[in-house]
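Asker:
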């Protein structure tokens, strides 16, 4: 007899949504919130949106399964995506399958990291992806379900079952969903995907295994210099994985902070340089035991200071959010990368 | 491989995905964060486990 | 009703068995491989110290990857496979 896990298509008695959710939960397919039913008809509609993208998928660790497009679509359906979101979700999956992203490590770790998904380019508007007010929060179907679909793929395809292959000590609400759009319209510099060599007309998904956003609140500073002092101090966090000096981080600048920095002549590069210097952690704020570990794993202090990341290039900068005096710092897992994938259309 | 009892399921799940059979020495959890005195018990247990595993 | 299985895929790993060479734990060269989790190195040092009571330990060497969060470099794995008959890995914690 074939186990249900080995079947691509499963025959079920007709059942309502509640009964399906009970069944799905028993199978271990759920993130704890209600799921939509991945019927053949719905899955076919989703698959149609990626018909032109014939690139194979790499085996998905830790389970080492090569997924079918139908299985991926089933997860996007269950997450509540619209069919037109599916190419964004598959691009995000390709991003986390970049070997440098270290999917296995990011899923099995005790760290709280979740896959951050950032969308750039024209598709943001076409899909109504929130790039402005409350962009990290609730209220937008695209943001909520694209991030959730990737999370379900990592559960069901990658096998990152909490308590088994997902060993996060405390987890993180961003593991339910963590998707936002760049606010390119209020970015006084260059949109992130263009910084990475894509055309402004390209639609691109960027992924990084990150902690949830750490708020950088600064209502008082009236200069770019003042803002960078606050940002740097907020980033100098001995409890974030960036302290290991092994990987990237994002600084997502709110549009009002960005305008002040631009007015005062700061460029993306000068912001990076300043934050690199101002985010260093003084050794007095590190335990002796931790410092010994960092030193023996190749991350040595510079005088009395420990840098976060490996170089200023580890600080990735974009603009997102709406009115207000807030920005955000998103430290990564550490042993990971920021991976960009053009959305096949 | 030395693993704590708490992380044994992770090791087994990953080994299963790779279709390999790990040879495990299981000690009490945790190991990280223990001081030298506390660690001594884990060293004793791991060495005992190793001796048993390698004398079969 | 018929639904698509969200877990379905093709296995990328083969079930081929790798034949291991026999190890003489009293004399063979052994790698003690730390994944740099806290206390992994200390645990391996302790094991090596205990082993010294009943075997020579000059050919028991410490190896480490420099990040607990990243895979071991291929070169390191190849080095261990080439120069050691067995490896003790620490730490799943």
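Protein chains in written order, with the numbering used here: chain A, 1 to 345; chain B, 1001 to 1056; chain C, 2001 to 2093.
Cβ coordinates follow ideal geometry from the N, Cα and C atoms, glycine included.
Owing to the predicted nature of the structure, the values given are computational and were not obtained by experimental measurement.
Looking only at its chain, what residues have a beta carbon closer than 6 Å to the beta carbon of residue 172/A, apart from the 5 residues adjacent to it on each side?
Answerer: By 1-based counting over the first chain, the position of residue 172/A is 172. Closer than 6 Å at Cβ, skipping near neighbours: 112, 114, 212.
Asker: Would a check of beta-carbon distances place residue 2093/C closer than 8 Å to chain B?
Answerer: Start at 1 with the first residue of the third chain, and residue 2093/C comes out as number 93. It does; some Cβ of chain B falls within 8 Å.
Asker: Are the beta-carbon atoms of residue 2032/C and residue 2020/C separated by less than 8 Å?
Answerer: Along the third chain, read from residue 1 onward, the residue named residue 2032/C stands at position 32. Along the third chain, read from residue 1 onward, the residue named residue 2020/C stands at position 20. Not in contact: residue 2032/C and residue 2020/C (Cβ atoms no closer than 8 Å).
Asker: Please work out which residues of its chain come closer than 6 Å, Cβ to Cβ, to residue 217/A, disregarding the five sequence neighbours upstream and downstream, and give them in chain order.
Answerer: Numbered from its first residue, the first chain carries residue 217/A at position 217. Answer for residue 217/A: 326, listed in chain order.
Asker: Taking the beta carbon of residue 303/A as the centre, do at least 16 other beta carbons fall within 10 Å, making it buried, or is it exposed?
Answerer: For this step, residue 303/A is matched to residue 303 along the first chain. By the neighbour-count rule (16 or more Cβ atoms within 10 Å), residue 303/A is not buried but exposed.
Asker: Using the Cβ count rule (16 or more neighbours within 10 Å means buried), how would you classify residue 64/A?
Answerer: Looking up residue 64/A in the first chain gives position 64. Buried.
Asker: Check whether chain B comes within 8 Å of residue 2088/C, counting only Cβ atoms and requiring the distance to be less than that.
Answerer: Taking the first residue of the third chain as position 1, residue 2088/C is located at position 88. Residue 2088/C counts as touching chain B.
Asker: Can you give the Cα-Cα distance for residue 1050/B and residue 147/A, rounded to whole angstroms?
Answerer: Position 50 of the second chain, counted from the start, is the residue given in the question as residue 1050/B. Position 147 of the first chain, counted from the start, is the residue given in the question as residue 147/A. Residue 1050/B and residue 147/A: Cα-Cα distance of roughly 44 Å.
Asker: To the nearest angstrom, report how far apart residue 1028/B and residue 1042/B are at their CA atoms.
Answerer: Within the second chain, residue 1028/B is the residue found at index 28, counting from 1. Within the second chain, residue 1042/B is the residue found at index 42, counting from 1. Going by the C-alpha atoms only, they are around 7 Å apart.
Asker: If the criterion is Cβ atoms closer than 8 Å, does the pair residue 238/A and residue 309/A meet it?
Answerer: In the first chain, counting from the first residue as 1, residue 238/A sits at position 238. In the first chain, counting from the first residue as 1, residue 309/A sits at position 309. For residue 238/A and residue 309/A, no; Cβs fall outside 8 Å.
Asker: Could you tell me which whole beta strand (DSSP E) segments of length 3 or greater appear in the stretch 154 to 236 of chain A?
Answerer: Those beta strand (DSSP E) runs which fall completely within the stretch 154 to 236 of chain A and span 3+ residues are 179 to 181, 204 to 210, 214 to 217.
Asker: Hey, would you say residue 2009/C sits closer than 8 Å to residue 39/A, going by beta carbons?
Answerer: The count along the third chain starts at 1 and reaches residue 2009/C at position 9. The count along the first chain starts at 1 and reaches residue 39/A at position 39. No. Outside cutoff.
Asker: Against residue 1046/B, what residues of chain C qualify as contacts under a CB-to-CB distance less than 7 Å, listed in chain order?
Answerer: Within the second chain, the letter at position 46 stands for residue 1046/B. Neighbours of residue 1046/B on chain C, chain order: 2043, 2047.
Asker: When you compare each of 2084/C, 2022/C, 2005/C, 2086/C to residue 42/A by their alpha carbons, which one comes out closest?
Answerer: In the first chain, residue 42/A corresponds to position 42, counting from 1. Looking at the Cα atoms, 2005/C is the closest of the given residues.
Asker: By DSSP's criteria, residue 1003/B is part of a beta bridge. Which residues make up the other side?
Answerer: By 1-based counting over the second chain, the position of residue 1003/B is 3. Residue 1003/B pairs with 1026/B, 2092/C.
Asker: Could you pull out every residue in the same chain whose Cβ sits closer than 7 Å to the Cβ of residue 2022/C, ignoring the five residues on either side in sequence?
Answerer: Residue 2022/C sits at position 22 when you count from the first residue of the third chain. Here the set comprises nothing.
Asker: Give the residues of chain B in contact with residue 164/A, contact being defined as C-beta atoms less than 8 Å apart.
Answerer: Residue mapping note: residue 164/A aligns to position 164 of the first chain, counting from 1. Here the neighbours are 1009, 1010, 1013.
Asker: When the Cα of residue 100/A is compared with those of 338/A, 342/A, 344/A, 345/A, which residue comes out closest?
Answerer: For the purposes of this step, residue 100/A is taken as residue 100 along the first chain, with counting starting at 1. The candidate whose alpha carbon is nearest that of residue 100/A is 338/A.
Asker: With which residues is residue 339/A paired in a DSSP beta bridge?
Answerer: What you label residue 339/A is simply residue 339 of the first chain in a count that begins at 1. According to DSSP, which records beta bridges pairwise, residue 339/A is partnered with 207/A.
Asker: Pair every Cβ in the stretch 1030 to 1045 of chain B with every Cβ in the stretch 2038 to 2057 of chain C, then say whether three or more of these pairs are closer than 8 Å.
Answerer: Contact holds: three or more Cβ-Cβ distances are below 8 Å.
Asker: So, does the stretch 249 to 259 of chain A touch the stretch 179 to 188 of chain A, judging by three or more C-beta pairs under 8 Å?
Answerer: At 8 Å Cβ cutoff, the stretches touch.
Asker: Name the DSSP bridge partner or partners of residue 2002/C?
Answerer: Within the third chain, the letter at position 2 stands for residue 2002/C. Residue 2002/C pairs with 11/A.
Asker: If you draw a straight line from the alpha carbon of residue 106/A to that of residue 2069/C, how long is it in whole angstroms?
Answerer: As a working mapping, residue 106/A is identified with position 106 in the first chain. As a working mapping, residue 2069/C is identified with position 69 in the third chain. Whole-angstrom Cα-Cα distance: 8 Å.
Asker: Does the ligand GTP have even one heavy atom less than 7 Å from the beta-carbon of residue 66/A?
Answerer: This structure lacks the ligand GTP; in fact it carries no ligand of any kind.
Asker: Kindly indicate if chain B contains any beta-carbon less than 8 Å away from that of residue 63/A.
Answerer: Reading the first chain from its first residue, position 63 is the one you call residue 63/A. It does; some Cβ of chain B falls within 8 Å.
Asker: Have a look at 245/A, 234/A, 241/A and flag the residue whose alpha-carbon is nearest the alpha-carbon of residue 253/A.
Answerer: For this step, residue 253/A is matched to residue 253 along the first chain. Cα-wise, what sits closest to residue 253/A is 234/A.
Asker: Report all residues from its chain with a CB closer than 8 Å to the CB of residue 305/A; omit the five preceding and five following residues, and keep chain order.
Answerer: Residue numbering aside, residue 305/A sits at position 305 when the first chain is read from its first letter. So the list reads 280, 281, 282, 283, once near-sequence residues are dropped.
Asker: Roughly how many angstroms separate the alpha carbons of residue 47/A and residue 1008/B, rounded to a whole number?
Answerer: What you label residue 47/A is simply residue 47 of the first chain in a count that begins at 1. What you label residue 1008/B is simply residue 8 of the second chain in a count that begins at 1. So the two alpha carbons sit approximately 38 Å from each other.
Asker: Does any residue of chain C bring its CB to less than 8 Å from the CB of residue 977/B?
Answerer: Look at the range of chain B in this structure, 1001 to 1056, and you will see that residue 977/B is not part of it.
Asker: For residue 15/A, collect the residues of the same chain with a Cβ closer than 8 Å to its Cβ; drop the 5 residues on either side in sequence, then sort them by chain order.
Answerer: Translated into positions along the first chain, residue 15/A becomes position 15. Around residue 15/A: 23.
Asker: What residue from 152/A, 163/A, 120/A, 153/A has the CA that sits closest to residue 191/A's CA?
Answerer: Sequence index remark: in the first chain, residue 191/A carries index 191 (1-based). Closest option to residue 191/A, Cα to Cα, is 120/A.
Asker: Check the C-beta distance from residue 204/A over to residue 342/A and give it rounded, since I have them as a contact under 8 Å.
Answerer: As a working mapping, residue 204/A is identified with position 204 in the first chain. As a working mapping, residue 342/A is identified with position 342 in the first chain. Their Cβ separation, rounded to whole angstroms, is 6 Å, which keeps residue 204/A and residue 342/A in contact under 8 Å.
Asker: Among 1046/B, 1001/B, 1044/B, which has the Cα closest to the Cα of residue 1022/B?
Answerer: Looking up residue 1022/B in the second chain gives position 22. Comparing Cα-Cα distances from residue 1022/B to each of 1046/B, 1001/B, 1044/B, the minimum goes to 1001/B.
Asker: Looking at the secondary structure, which residues open and close the alpha helix (DSSP H) in which residue 78/A lies?
Answerer: On the first chain, position 78 is the one that residue 78/A refers to. Where residue 78/A is concerned, the enclosing alpha helix (DSSP H) stretches over 69 to 79.
Asker: What are the uninterrupted segments assigned as beta strand (DSSP E) that are 3 or more residues long and contained completely in the stretch 62 to 141 of chain A, given in chain order?
Answerer: Correct list: 65 to 67, 114 to 120.
Asker: Kindly indicate the opening and closing residues of the beta strand (DSSP E) around residue 252/A.
Answerer: For the purposes of this step, residue 252/A is taken as the residue at position 252 of the first chain. 249 to 253 is the extent of the beta strand (DSSP E) around residue 252/A.
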